[in-house]
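Contents: one structure, followed by commentary.
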Amino acid sequence: QHNVQSVKELLAEFRIGRLSDEEYFSLPPPFDPYGSEPQRDPSLVVQAAKPFNAETPLSVLAEQQYHTPNEVFFVRNHLPVPTIDLASYVLEVHPGNGKPPVKVTLKDLENESRFRRKKVSAVMQCTGNRREDFNKLVQVEGLTWLTGAISNAEWEGVALRDVLAYAGVDPELGARSEEEGGEYEMLHLQMEGDDRPKVGEWRDTKGFYGASVPLSWAQDPRRDCVVAFRMNGAPIPLDHGAPVRCVVPGTAGARCVKWLAKLVVASEESQSHWQQNDYKAFHSTITWDTADFSSLPAIQDMPVNSAISSPAPKEKVVLSPDGTLEMKGWAFSGGGRGIARVEVSADGQNWTSAELHRPPNQALGRTWAWTFWTAHLPLAESLAKPGKALTVMCKAVDAQYNVQPESIDSIWNIRGVLCNSWHRVRVMITPKPKPKQRFEFGHAE
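Heads up, the sequence shown is in our numbering, so the first residue is 829 and it goes up one at a time.
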C-alpha cells in the first residue's frame, strides 16, 4: 500500500543519498533471525511464515488418526526456533526458598535409573483455534486459525513432579500453599523457554517466552504433567520444542513451554508478556482501549469444543442410500474432562447422537486426548434436495455437562480466543448420479 507514486514523492525529500547498482549488490544480505528454521511439511496450512505458524490439514483431521503424525502436527511459534546443542543442553530447576538451582541435562532425564519414564497421550491446542469463526462476525486480532490448531500426540519423558522432587521441592508444597496461603499467596511454577527475544541484532519487544501454572498442578500425579523429550516415539522435532518440552495436559498450548530452559518455583505467575498481557478472554463489549489485562486470569484449562472434519466447508456431498449424511469430527475438553456426548443437526432443533471413539486407557474424569466421533445425520425431505445448500452443525458435552454455547455472539472477544460455539459447516447436496444410457444398434437400453 506504500509502493505508490504519491508516497514516494513524500519520502523523496528525506533521501540522504542513492546507492549505485554496484554498491547495492555488494551489500551483505540483511540479517534474518528466521534464517535457520527447520524444514516443514508442505501440506501444513500456513497461517504465518515468520514466526512460523501452521495448522494440521483438514484432510488429516478427517482421517481421525489418534496420534497426529509429527510432520503434520500443528505448529505455534512466537519467536525464532532456537538451535540447541543436545550435548550441552541444561535444564535449570529453581526450587525457591533461596536454594540454589539444580541443573539437569538431557542425559540425566533419559537415564531410567535416575528417573522413571512416563508417557501420556495429550492434545495440544492453541487458544485461538477456530478464530476464523469470530472473524465472520467482527474481525479480531490474531492468526486466522480454522479448525486445525489442534493435534494429539504421545508425549514421553519424566513426570514433572519427579523433576521438581529431584531438585529438592517438597512434593506437597503446591497443595499446601493453596490450603494454607490463600488464593493470592499460592505458589506457581514458572517455565521459561530457550526461544530468545534477541537473535543477533534482532530483538522482539515482547521479551522471552514464558508461562506458568499453579505449582499444585505440576505436582499432582493426576494431572500427568511431563517433562517430555520424545513425541510419538521419536525425539521431539525442533518445531515442537526439541530437545525438551513441558507438557501440562488439558491446558492451553501456550502453557506447554517449548525448548524448556528453566523451571522456577515462585510466589507469582510468570511475568512473560504471554502470561500477563495475552491469552485472556474479555466480554464482547470490551475494546482495545478499555481492555485491562491485569483484571483477568491467564487462560489455563481449555473449554469443551468440537468441530466437523468431514464434510469440508463448501463440499458437494452425496447422501447415503438411506438418505443420511455421513459426518466426522473431533471433540475435546480441558482439565481432564472427557466427552460425554456429541450431537449433530441440520437445523439446530433436531439432533442426532454421534458415535464416540474415546481415547483408550483414559478414564472419563482423566482424559487428556481428543475424542473422535462419527454420525449419520438424517435430513428432512425439505433439506435433502439435490443442489440445495445447507448448514450442518455439531456440539459436544463433556463429563461435567459443560456444553458448547449456541451463539458465537455471546463469546466474541477482541483477542479471538476460546471460540467454542456450535461448529457449523455449509455444504451442498449433489444429486445421485444417473446411470449412463448404453446404445446398441442405434437403440437406447
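Glycine included, C-beta positions come from ideal geometry on N, C-alpha and C.
Item: Rounded separation between A890 and S979 - CA only; Value: 12 Å
Item: Unbroken stretches of the alpha helix (DSSP H), 4 residues or longer, contained in the stretch 946–1010; Value: 959–965, 988–994, 1001–1009
Item: Spatial neighbours of N1060 in its chain, beta-carbon cut-off 6 Å, leaving aside the 5 residues before and after; Value: H895, N898, A981, E982
Item: DSSP state of W1087 mapped onto helix, strand, coil; Value: coil
Item: Inter-stretch contact at 8 Å, needing at least 3 Cβ pairs: the stretch 1040–1047 / the stretch 1012–1020; Value: yes
Item: Buried versus exposed, by CB contacts within 10 Å (16 or more), Y1107; Value: buried
Item: Expected contact under 8 Å - CB spacing of G1069 and K1090 to nearest Å; Value: No, G1069 and K1090 are not in contact; Cβ-Cβ is about 14 Å, not under 8 Å.
Item: Classification of R846 by the beta-carbon crowding that lies within 10 angstroms, buried from 16 upward; Value: exposed
Item: Start-to-end residues for the beta strand (DSSP E) that takes in H1101; Value: Note, H1101: premise wrong, no beta strand (DSSP E); alpha helix (DSSP H) at 1101–1104.
Item: N1133 - partner residues in DSSP beta bridges; Value: F1160
Item: CA-to-CA distance, E938 to E984, given in whole angstroms; Value: 10 Å
Item: Pair within 8 Å by beta-carbon distance, A1182 and A1203; Value: yes
Item: Environment of L974 [buried if 16+ CB atoms lie within 10 Å]; Value: buried
Item: Helix, strand or coil at A876 according to DSSP, with G and I counted as helix; Value: strand
Item: Validate contact between the stretch 908–923 and the stretch 991–1008 using beta carbons, cut 8 Å, 3 pairs; Value: yes
Item: Nearest-angstrom Cα separation, counted from T955 out to D961; Value: 13 Å
Item: Local conformation of T1258 per DSSP, three classes; Value: coil
Item: 6 Å CB neighbourhood of A987 in its chain, flanking five on each side removed; Value: K946
Item: Close Cβ partners of V874 (< 6 Å) along its chain, the five nearest in sequence each way excluded; Value: A882
Item: Enclosing alpha helix (DSSP H) for V888 [first to last residue]; Value: 886–891
Item: Segment limits, beta strand (DSSP E) that includes L1043; Value: Unbroken run through L1043 is the alpha helix (DSSP H), 1043–1047; no beta strand (DSSP E).
Item: Secondary structure of R1051, DSSP reduced to three states; Value: helix
Item: Buried or exposed by the 16-neighbour rule on C-beta atoms within 10 Å, applied to K1156; Value: buried
Item: D1226 in three-state terms, based on DSSP; Value: strand
Item: Same chain, Cβ closer than 6 Å to T1258, five either side skipped, listed in chain order; Value: K1144, V1146
Item: CB contact flag (S864, T911, <8 Å); Value: yes
Item: 6 Å Cβ shell around S1100 - same chain, five flanking residues per side excluded; Value: G1038
Item: Q829 versus A840: straight-line alpha-carbon distance, rounded; Value: With a pLDDT of only 43 at Q829, under 50, the local geometry of the prediction cannot be trusted, and the value read off the model is given with reservation. Cα to Cα, the separation comes out at about 17 Å.
Item: Residue burial classification, I844 (beta-carbon count within 10 angstroms, cutoff 16); Value: exposed
Item: Supposed close pair V1253, L1205 - CB separation, criterion 8 Å; Value: Actually they do not touch by this definition, with Cβ atoms about 11 Å apart.
Item: Rounded C-alpha distance that separates L1246 from R959; Value: 8 Å
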